[in-house]
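Trainee: Read top to bottom, the protein sequences are chains A and B.
The first sequence begins at -7 in this note's numbering and counts up one residue at a time.
The second sequence begins at 7 in this note's numbering and counts up one residue at a time.
Idealized CB from N, CA, C, for every residue including glycine.
Given the structure is predicted, the values throughout are model-derived calculations rather than measurements.
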Amino acid sequence: MTVFVRNIILETERVEEMKLITVSGPPSSGKTSVILKLVYALREQGFGKIGVVKFDCLASFDRIRYEEAGVPVVTGFSGKFCPDHFFISNIEDAVKWGNSRGFDMLITESAGLCNRCSPHIQRIPAICVIDNLSGINTPRKIGPMLKFADYVVITKGDIVSQAEREVFKFNVRQVNTRARILFVNGITGQGAFMLSKYLKDSVDITTLSDMRLRFTTPASVCSYCTGETRIGDEFQNGMMKKMEFHEAAPLSETESGESR
Amino acid sequence: MDFYDIAENSTVAEVIDRFPIVEDFLDNLNLRGLDRTLPLPDALENGDPEWLENLGTNVDDILDQFADFLEAFVTPHESAADIESITVVGGHDKSGKAENCSITVKHGQVLSIVGPTGSGKSRLLSDIECLAQGDTPTGRVVMIGGRRPKDEERFELEGHLVAQLSQNMNFVMDLSVREFLMMHARSRMSSEPEKIVSRCFEKANELAGEKFTIDTKVTQLSGGQSRALMIADTAYMSSSPIVLIDEIENAGIDRKQAISILTSNDKIVFMSTHDPLLALSADRRIVIRNGGIIKVIDSSDEERESLRHIQELDDEIMKIRSMLRMGEIIKPGAWRERSI
Ligand SMILES: Nc1nc2c(ncn2[C@@H]2O[C@H](COP(=O)(O)OP(=O)(O)OP(=O)(O)O)[C@@H](O)[C@H]2O)c(=O)[nH]1
Ligand SMILES: [Mg+2]
C-alpha cells in the first residue's frame, strides 16, 4: 500500500512496478497446474493480483482453468508463425496489459514445441516445467529452454519411483548446472510454496524495452515460413538447413531390403 | 580444482578416464565424435564449426560449461545425509487452533502418522520438505539437528531431504532391474556401483513375497516386487535422510523388514498408515485432524503388548495367504498348525 502511495506522489507519470515470470515447457508437462498452485501459494502470502498470458500455437483450454481460479488471462495463438518469434514480438504488449491492470505479478505460459524454443529474457525469472514421465533422457534433449532457465520445476513425481526422480534430477543438472531444481506436484501443490518463496523477491519491472533474450530464437526465414507448400529444391529459398545422407553407414542386407 | 587447467593440459580421453561423467557432457552437446587424442579446446577448434554454430555457442563458452559441469558433479557438495534429527514445532490447524507440540525424530527412528484422508498429512510433509520456518500456512517450524536452518541451508537442502514412497508410484523406465539400479548408482556417483547394486537386489528379493531375477524388466515386476525394489533402493541408494511412506500396507511384502531396512540405514522414517501393525511398531505416532497435530503418542508397554497380539494375528493371515497360494482348502483353524 505504501509503495502505491509513493508511486502516485513521486512518479505520477510512471506505471506501477510489476514482476514478470516466464514459464515454459513441453506440451502437457504441467505448466498450468504449476502456475495455478503457485498463484494459490502466493495468495496465501498476501500476494494477490496475478495475471497470466498464455502463448500457444493452435488451441488451448487453459483459459477456462485460469478463469475458474479467478486469474485474469489473455490467450494468444501463434498460428503459422514461429511460437518463439510470436512470443517475443508480443511480450512488451503483455507487460503493458499487466501494468494497466495493476498486477503485482504477470506470468507467461508458453509451450516449447520444437525443443529449441527459449522464451527466456535476461533478468526476468525463467521457469522451465518438465515432467518425470517424459523419458529419462528428455532433459538432455530440450535445449535452451531448459538450459537457460533459473528454475527447473519437475512435475508428476507422485507417479514414478524415488530412484527415477533422482536420476531425472541428475539429468537436469547435467544440462543446467546452475538452476534451482524443484519438485512440484501439479495436483496437490506440494513444493509450490518453495517456488513462491523464490519468486516473491524477484525483480520489479515497468518495461522490457531495454532487455534482451537469453538465447537466439530459432532462425526461420525461408519460403516455407511464408506459406510455400510445394516440395522440392526449386521451392526452397531463404535460410535452409539440409541433412547429409551420404555419410550414413550402408545398411546390411539382413537389416532391410533397401539398398543405396 | 581448476577445471580449465585440466581441460587445457590433458587430452579428452584422459579427462574421461579421470571423470567418466564427462562422457555424458559430450553426449549432451552432441560432441561424441570429438577427437579425443587432443585437449578439449584444441579438439573443439579442430571440430566441425557447424556444430558450434548450431548450438549457438563458441569454444570459450563450452569451456565455461565444462568447468561448471565438473564443478557441479565432481566437487562434493553439502550432503543432506548426515542430518541427525528433525524437529517439528507445532503451529496451528486450519481453524487457527494451536498445535502445542514439539516432536523430535532421530535417525533410525520411525514416526507414524494417522488420521482421516485429507486431514493434513501432505501439508505436514510439505512443511518438512521445505523446512518451514513459520512461513507456511500451518505456521510450523522445522529444525534440523535441534536448530533452525539458515536460509541458504534451507535452499541448499531443498529437494534432497525427503524421499517418498507411495502406493501410486510405478517404474516407467524400460530397463532391467540391473540396468535400473546401475543407472541410479551412477547418478549418485557411487564409487562401487556393482557392489551396491547387488546388495540392493538381494534385499529387494528378501522383501518380496515372490522372487525375481536381476534381468527382469522393472516395468514387469508385480506390485509387491516393485515396492520391494523401491524400498531397498531408497534404503541403500537414495541421498535423502528422511523417507516418507504413504500407505504401503497392501503391497504383499514383508512390511516389518521393509521398515527395518530403512531404519538400519539411518533413515528418519515418517509413515502415514492405517495398518495397525505398522502404526504401533513406530517409536511414536501422531494424530492429525483438521490440518493440525492433535495428539502425540509415545509407544508404551501397554501398546507393545497389543502389538504382540496384532503380530500373531498378522502371522495367521500370512499363513492363510500362503495356503491360498498353494491351492489348499482353508478349514477352520487349519492355519494354526502351519509353521510358515
Ligand atoms: N499425477 C500428476 N499429474 C499432473 C501433475 N502436474 C500436472 N498433472 C496433470 O498433467 C496434465 C497436464 O497438465 P497441464 O497443467 O494442463 O499441463 P500444461 O503444461 O499446462 O499443458 P499445455 O498448456 O496444454 O501444454 C493434467 O491432466 C494435469 O492434471 C503432477 O504433479 N502429478
Ligand atoms: Mg497449460
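#1: Just to confirm, are Leu268(B) and Ala288(B) a CB contact at a threshold of 7 Å?
#2: Residue range of the alpha helix (DSSP H) that Val398(B) falls in?
#3: Does the beta-carbon of Thr144(B) have 16 or more other beta-carbons within 10 angstroms, so that it is buried, or is it exposed?
#4: Quick one: what's got a C-beta closer than 7 Å to Pro82(A)'s C-beta in the same chain, skipping five residues either side?
#5: Could you check whether the Cβ of Thr24(A) sits closer than 6 Å to any heavy atom belonging to ligand 2?
#6: Could you tell me the alpha carbon to alpha carbon distance between Arg327(B) and Ile335(B), rounded to whole angstroms?
#7: Kindly list, in the order they appear in chain A, the residues whose Cβ is closer than 8 Å to that of Phe75(B).
#8: Look at the alpha carbon of Val148(B) and the alpha carbon of Pro55(B), and state the distance between them as a whole number of angstroms.
#9: In the DSSP assignment, what residue or residues form a beta bridge with Asn176(B)?
#10: Using the Cβ count rule (16 or more neighbours within 10 Å means buried), how would you classify Lys262(B)?
#11: Is the CB of Ile128(A) under 7 Å away from at least one CB in chain B?
#12: What's the C-alpha gap between Ser25(A) and Glu322(B)?
#13: Hey, out of Arg160(B), Asp48(B), Val224(B), whose CA is closest to Ile68(B)'s CA?
#14: Run down chain A in chain order and give the residues with a C-beta less than 7 Å from the C-beta of Val178(B).
#15: Which partner residues of Ala191(B) appear in the DSSP bridge assignment?
#16: Could you tell me the distance, in whole angstroms, from the CA atom of Asn15(B) to the CA atom of Asp8(B)?
#17: Report the CB separation of Ser91(B) from His166(B) in whole angstroms; it is logged as a contact under 8 Å.
#18: In whole angstroms, give me the CA-to-CA distance for Leu138(A) and Gly126(B).
#19: Taking the CB atoms as reference points, tell me whether Gly178(A) and Gly17(A) lie closer together than 7 Å.
#20: Taking the C-alpha atoms as reference points, what is the distance between Lys209(B) and Ile151(A)?
#21: Against chain A, does Cys136(B) count as a neighbour if the rule is that its beta carbon must be under 7 Å from one of theirs?
#22: Return yes when the C-beta of Lys148(A) is under 6 Å from any heavy atom of ligand 1, and no when it is not.
#23: Taking only beta-carbon positions, decide if Arg132(A) is within less than 7 Å of chain B.
#24: In terms of residue numbering, what span does the alpha helix (DSSP H) encompassing Val21(B) cover?
#25: Quick check: Val120(B) and Val183(B), are their CB atoms within less than 7 Å of each other?
#26: Would you say the beta carbon of Asp88(B) comes nearer than 6 Å to a heavy atom of ligand 1?
#27: Can you tell me whether Glu14(B) is helix, strand or coil according to DSSP?
#28: So what does DSSP say about Gly17(A), is it helix, strand or coil?
#29: Measuring straight from C-alpha to C-alpha, what distance separates Leu205(A) and Cys120(A)?
#30: What is the DSSP secondary structure of Phe53(A), counted as helix, strand or coil?
#31: Can you confirm whether Asp157(B), when its beta carbon is compared against all beta carbons of chain A, has any partner nearer than 7 Å?
#32: Taking all protein chains shown into account, do 16 or more other C-beta atoms lie within 10 angstroms of the C-beta of Ile56(A), making it buried, or fewer, making it exposed?
#33: May I ask you to report which of helix, strand or coil DSSP gives Ile146(A)?
Mentor: Per the coordinate set shown:
#1: Reading the second sequence from its first residue, position 262 is the one you call residue 268(B). Reading the second sequence from its first residue, position 282 is the one you call residue 288(B). The answer is no: Cβ separation not under 7 Å.
#2: Residue 398(B) cannot be examined here, being either before or after the span of chain B that is shown, 7 to 346.
#3: For the purposes of this step, residue 144(B) is taken as the residue at position 138 of the second sequence. With 16 or more Cβ atoms within 10 Å of its Cβ, Thr144(B) is classed as buried.
#4: Here residue 82(A) refers to the residue found at position 90 of the first sequence. For the sequence presented, residue 82(A) should be read as Asn rather than Pro. In the same chain as Asn82(A), and ignoring 5 residues on each side of it, the C-beta atoms closer than 7 Å to its own belong to Gly68, in chain order.
#5: On the first sequence, position 32 is the one that residue 24(A) refers to. In this structure, ligand 2 has a non-hydrogen atom nearer than 6 Å to the beta-carbon of Thr24(A).
#6: Position 321 of the second sequence, counting from 1, holds the residue named residue 327(B). Position 329 of the second sequence, counting from 1, holds the residue named residue 335(B). When rounded, the distance between both Cα atoms is 11 Å.
#7: In the second sequence, the residue the question calls residue 75(B) occupies position 69. In chain order: Gln166, Thr169.
#8: Looking up residue 148(B) in the second sequence gives position 142. Looking up residue 55(B) in the second sequence gives position 49. Between Val148(B) and Pro55(B), the C-alpha separation is close to 53 Å.
#9: Counting from one through the second sequence, the residue named residue 176(B) turns up at place 170. The partner list for Asn176(B) (beta bridge, DSSP) reads Val152(A).
#10: By one-based count along the second sequence, residue 262(B) stands at place 256. Exposed is the call here.
#11: Residue 128(A) sits at position 136 when you count from the first residue of the first sequence. For Ile128(A), the nearest CB of chain B lies under 7 Å from its own CB, placing it at the interface with that chain.
#12: Within the first sequence, numbered from 1, the residue matching residue 25(A) stands at position 33. Within the second sequence, numbered from 1, the residue matching residue 322(B) stands at position 316. One C-alpha to the other measures close to 46 Å.
#13: The residue you call residue 68(B) lines up with position 62 of the second sequence. Minimum Cα distance to Ile68(B) is reached at Asp48(B).
#14: Translated into the one-based positions of the second sequence, residue 178(B) becomes position 172. Here the neighbours are Leu125, Val152, Glu156.
#15: Numbered from its first residue, the second sequence carries residue 191(B) at position 185. Per DSSP, none; premise fails for Ala191(B).
#16: As a first step, residue 15(B) must be located in the second sequence, where it is residue number 9. As a first step, residue 8(B) must be located in the second sequence, where it is residue number 2. Using only the alpha carbons, I get a separation of about 11 Å.
#17: As a first step, residue 91(B) is located in the second sequence; it is residue number 85 there, counting from the start. As a first step, residue 166(B) is located in the second sequence; it is residue number 160 there, counting from the start. 17 Å between Cβ atoms; not a contact.
#18: On the first sequence, residue 138(A) is found 146 positions in, with the first residue counted as 1. On the second sequence, residue 126(B) is found 120 positions in, with the first residue counted as 1. Leu138(A) and Gly126(B) have their C-alpha atoms some 34 Å from each other.
#19: Translated into positions along the first sequence, residue 178(A) becomes position 186. Translated into positions along the first sequence, residue 17(A) becomes position 25. Result no, Cβ atoms of Gly178(A) and Gly17(A) do not sit closer than 7 Å.
#20: One-based indexing of the second sequence puts residue 209(B) at position 203. One-based indexing of the first sequence puts residue 151(A) at position 159. Each residue's Cα considered, the two are about 23 Å apart.
#21: Taking the first residue of the second sequence as 1, we reach residue 136(B) at position 130. Against chain A, the CB of Cys136(B) has a partner CB under 7 Å away; the residue lies at that interface.
#22: Locating residue 148(A) in the first sequence gives position 156, where the first residue counts as 1. Indeed, a heavy atom of ligand 1 lies less than 6 Å from the Cβ.
#23: As a first step, residue 132(A) is located in the first sequence; it is residue number 140 there, counting from the start. Arg132(A) counts as touching chain B.
#24: Your numbering for residue 21(B) matches position 15 in the second sequence. Element bounds for Val21(B): 18 to 24.
#25: As a working note, residue 120(B) is residue 114 in the second sequence. As a working note, residue 183(B) is residue 177 in the second sequence. Contact flag unset, no.
#26: Counting from 1 along the second sequence, the entry for residue 88(B) is found at position 82. Checking the Cβ of Asp88(B) against ligand 1 gives no.
#27: As a position in the second sequence, residue 14(B) is number 8, starting the count at 1. Three-state DSSP puts Glu14(B) in a helix.
#28: Locating residue 17(A) in the first sequence gives position 25, counting from the first residue. Reduced to three states, the DSSP call for Gly17(A) is strand.
#29: To locate residue 205(A), count along the first sequence from 1; it is residue 213. To locate residue 120(A), count along the first sequence from 1; it is residue 128. In this structure, the CA atom of Leu205(A) is about 15 Å from the CA atom of Cys120(A).
#30: Numbered from its first residue, the first sequence carries residue 53(A) at position 61. Correct three-state label for Phe53(A): coil.
#31: One-based indexing of the second sequence puts residue 157(B) at position 151. Not closer than 7 Å to any Cβ of chain A, the Cβ of Asp157(B) fails to qualify, so no.
#32: As a position in the first sequence, residue 56(A) is number 64, starting the count at 1. So Ile56(A) counts as exposed.
#33: The residue given as residue 146(A) occupies position 154 in the first sequence. Strand, per DSSP.
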